[in-house]
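**Q** Residue numbers (our numbering), protein chains in the order written: chain P, 150 to 415; chain V, 1430 to 1784. For every residue, glycine included, the Cβ atom is placed at its ideal position computed from N, Cα and C.
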């Protein structure tokens, strides 16, 4: 290796390091400041405490908003996975040309600016006199994440050989039996992955939620509201907790994907 | 032998593309029936229609004197062995084979007994706990067959089941299929593009060409009495000679050809001066001493193949050619390129194509 090649290598490594640091420093700092105090830009090393975390338990509003978010997330997962599977299966098996239109409509809310999706849903709910609540938020989130859920399930369906379902029918299975014994076990992993992703997206969705929420509040909206009246250590603490939670979810998804890929590779 | 299945005037088209054109055949009980055709000839479509995966555009599929065009897949007493085996990857061998019985709500003990019996028949009794991914191609094939056999269908449809196997394994599986079909006494409808395989396995073969059946018959029928020039050249080689009738008497027809005149036995009356193509296999051309029926030809080349040789010859004008096979090398050694020899056809085994 020549000297100039070596030089380029170090420059590139340095640049990569800087970019990674710039991207992740805010996150690290958030975690850091959930444990330490700073005064006039200087870190007070003696101020380490778990207090923000223990206090968090008594911050009923934050906890309540978190429970709301988890409720919305779970119901969104259930709705979007069922509807997503139904549409993906239809798209996969149908020969109708209308299915391209269906796919377009499913993708639209995900591709449009969330503000448009939120606003049009709000107008729609007012027209049909549906009062705003966590349930309208669930509807909004389901429409938003459906594109991702649909695509993940569709991708999996497309890897299955058509002869798989045909042989189930051939051996005497009804549609339900073929679905339950053959299709479902073979797409199970993609349903789990789609569900986990839908949950993470729903958990931090703010813009559409803002339009659709009534008197309740979800976790990201609560944090946003709290930030306006000044920073508190509890915000840092709850961000840290959610960060850990979502990181674990992402890790779970990644490990499921890599495990299923090994299975397919045989 | 009783007849089990019939296809009557069956055609299939997708949009404007014709896949099958007026297919007619009958299948007997316990027969090993093969549909032979090149890829894209529509052969898979035939068994997909029998199995119920697709419907004929026109025509009837008749099973035991009943039209079954609209019968759903799961009601038909047929089972399919797919080209890609289509084993359920989420189930082990035992559950794969037992699937058809489980669907019918048969009790567990009986399923267990039957599955083990069938696995023994296909020689996989020690594999019941394996997953399909852990089996070789040949073993997966056997599981797929066991899964069909256990349902006790009246017909098993095999869609190019040996297509994905290597040559050695293919030979083994051919033997296995032939033995098992005799043992379990179920009608097999088998799809292949491999002529040797078809001849080895089948009681009867239907040859598919240009979306139509060229000919249906036993392997011997197809070889010795081809009905079209396509069929003549399909199995082995065949010399095709343009001829014209010169005259005929009660037993024989005298014809004129590019190689000279010769006499063929008469089976039917033919019109005077009829032009036709005469087919004769290379091994049915004999070297003879000059006589009144012999034709004189020039040797173009001689290829030595061990105990026998193949000779290519041309007529006197040099515009028509014949292939002669199975000439003892003792004789061919004494011949040389460019020399004139006399030949005669074994006209008992020639064929007349008037189309």
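1) Under 7 angstroms, Cβ to Cβ, is there at least one residue of chain P near residue 1524 of chain V?
2) My understanding is that residue 1792 of chain V touches residue 1530 of chain V, with C-beta atoms under 8 angstroms, so please give their C-beta distance in whole angstroms.
3) Over the uninterrupted alpha helix (DSSP H) stretch that includes residue 1555 of chain V, give me the two end residues.
4) Compute the Euclidean distance between the alpha carbons of residue 278 of chain P and residue 229 of chain P, then round it to the nearest angstrom.
5) Grouping DSSP H, G and I as helix and E and B as strand, with all else coil, what is residue 1732 of chain V?
6) Using 7 angstroms as the limit for Cβ to Cβ distance, is residue 1515 of chain V near chain P?
7) Pick from V/1666, V/1781, V/1736: whose alpha carbon is nearest that of residue 1761 of chain V?
8) Check the Cβ-Cβ distances between residue 1787 of chain V and every residue of chain P, and say whether any is below 7 angstroms.
9) Express the C-alpha separation of residue 1626 of chain V and residue 1598 of chain V in angstroms, rounding to a whole number.
10) Return the residue from the list V/1665, V/1496, V/1643, V/1630 that minimises the CA-CA distance to residue 1601 of chain V.
11) Would you mind sorting residue 247 of chain P into buried or exposed? The rule is 16 or more other CB atoms within 10 Å of its CB.
12) Can you tell me which of V/1738, V/1778, V/1776 puts its alpha carbon nearest to the alpha carbon of residue 1399 of chain V?
13) Roughly how many angstroms separate the alpha carbons of residue 1435 of chain V and residue 1462 of chain V, rounded to a whole number?
14) I need the DSSP call for residue 414 of chain P, collapsed to helix, strand or coil.
15) Nearest-angstrom Cα distance between residue 1668 of chain V and residue 1660 of chain V?
16) With 7 angstroms as the limit, tell me which residues of the stretch 1578-1597 of chain V have their beta carbon closer than that to any beta carbon of chain P; keep them in chain order.
17) What's the gap between the Cα of residue 1455 of chain V and the Cα of residue 1646 of chain V?
18) Contact criterion: CB-CB distance below 7 angstroms. Does residue 307 of chain P meet it with respect to chain V?
19) Which residues, taken in chain order from the stretch 312-327 of chain P, show a beta carbon closer than 8 angstroms to some beta carbon of chain V?
20) Restricting to Cα atoms, I'd like to know which of V/1466, V/1613, V/1448 is closest to residue 1622 of chain V.
21) On the premise that residue 1745 of chain V lies in contact with residue 1727 of chain V, defined as a C-beta separation below 8 angstroms, what is that separation, rounded to the nearest angstrom?
22) Taking the alpha-carbon of residue 343 of chain P as reference, which of P/299, P/154, P/396, P/293 has the nearest alpha-carbon?
23) By DSSP, does residue 217 of chain P sit in helix, in strand, or in coil?
24) Here's the rule: buried if 16 or more other CB atoms are within 10 angstroms of the residue's CB, otherwise exposed. What is residue 1588 of chain V?
25) Tell me the DSSP bridge mates of residue 252 of chain P?
26) Whole angstroms is fine: what's the gap from residue 1682 of chain V's alpha carbon to residue 1773 of chain V's?
**A** Here's the rundown:
1) Position 95 of the second chain, counted from the start, is the residue given in the question as residue 1524 of chain V. So no, residue 1524 of chain V is outside the interface.
2) Outside the shown range of chain V (1430 to 1784) lies residue 1792 of chain V, about which nothing can therefore be said.
3) Residue numbering aside, residue 1555 of chain V sits at position 126 when the second chain is read from its first letter. No alpha helix (DSSP H) contains residue 1555 of chain V, which DSSP labels as neither H nor E.
4) Position 129 of the first chain, counted from the start, is the residue given in the question as residue 278 of chain P. Position 80 of the first chain, counted from the start, is the residue given in the question as residue 229 of chain P. Distance between the alpha carbons of residue 278 of chain P and residue 229 of chain P is about 23 angstroms.
5) Walking along the second chain from the start, residue 1732 of chain V turns up at place 303. Looking at residue 1732 of chain V - three-state DSSP - the assignment turns out to be strand.
6) Position 86 of the second chain, counted from the first residue, corresponds to residue 1515 of chain V. Answer yes: the Cβ-Cβ gap between residue 1515 of chain V and chain P drops below 7 angstroms somewhere.
7) Numbered from 1 along the second chain, position 332 holds the residue referred to as residue 1761 of chain V. Taking only the C-alpha atoms, the option nearest residue 1761 of chain V is V/1736.
8) Outside the shown range of chain V (1430 to 1784) lies residue 1787 of chain V, about which nothing can therefore be said.
9) The count along the second chain starts at 1 and reaches residue 1598 of chain V at position 169. The count along the second chain starts at 1 and reaches residue 1626 of chain V at position 197. Residue 1598 of chain V and residue 1626 of chain V: Cα-Cα distance of roughly 13 angstroms.
10) For this step, residue 1601 of chain V is matched to residue 172 along the second chain. Selected option, being the one with the closest Cα: V/1630.
11) For the purposes of this step, residue 247 of chain P is taken as the residue at position 98 of the first chain. With fewer than 16 other Cβ atoms within 10 Å, it is exposed.
12) Outside the shown range of chain V, which is 1430 to 1784, sits residue 1399 of chain V, and nothing can be said about it.
13) As a first step, residue 1435 of chain V must be located in the second chain, where it is residue number 6. As a first step, residue 1462 of chain V must be located in the second chain, where it is residue number 33. Straight-line Cα distance between these residues: approximately 12 angstroms.
14) Here residue 414 of chain P refers to the residue found at position 265 when the first chain is read from its first residue. In this predicted model, residue 414 of chain P has a pLDDT of only 42, less than 50, meaning its place in the structure is not dependable; the value taken from the coordinates is given anyway. Of the three classes helix, strand and coil, the one that applies to residue 414 of chain P here is helix, per DSSP.
15) On the second chain, residue 1668 of chain V is found 239 positions in, with the first residue counted as 1. On the second chain, residue 1660 of chain V is found 231 positions in, with the first residue counted as 1. Cα to Cα, residue 1668 of chain V sits roughly 12 angstroms from residue 1660 of chain V.
16) Correct list: 1580.
17) As a working note, residue 1455 of chain V is residue 26 in the second chain. As a working note, residue 1646 of chain V is residue 217 in the second chain. So the two alpha carbons sit approximately 11 angstroms from each other.
18) Sequence index remark: in the first chain, residue 307 of chain P carries index 158 (1-based). Using a Cβ-Cβ cut-off of 7 angstroms, residue 307 of chain P does not count as an interface residue toward chain V, since no Cβ of chain V sits closer than that to its own.
19) 312, 313, 315, 316, 317, 318, 319, 320, 321, 322, 323, 326
20) Within the second chain, residue 1622 of chain V is the residue found at index 193, counting from 1. For residue 1622 of chain V, the nearest C-alpha among the options comes from V/1466.
21) Working through the second chain from its first residue, we reach residue 1727 of chain V at position 298. Working through the second chain from its first residue, we reach residue 1745 of chain V at position 316. About 7 angstroms separates the two Cβ atoms, so the contact holds.
22) For this step, residue 343 of chain P is matched to residue 194 along the first chain. Nearest C-alpha to residue 343 of chain P: P/299.
23) Here residue 217 of chain P refers to the residue found at position 68 of the first chain. DSSP places residue 217 of chain P in helix when its eight states are reduced to three.
24) To locate residue 1588 of chain V, count along the second chain from 1; it is residue 159. Result: buried.
25) Translated into the one-based positions of the first chain, residue 252 of chain P becomes position 103. Residue 252 of chain P pairs with nothing; no bridge assigned.
26) As a first step, residue 1682 of chain V is located in the second chain; it is residue number 253 there, counting from the start. As a first step, residue 1773 of chain V is located in the second chain; it is residue number 344 there, counting from the start. Their backbone Cα atoms lie some 15 angstroms apart in a straight line.
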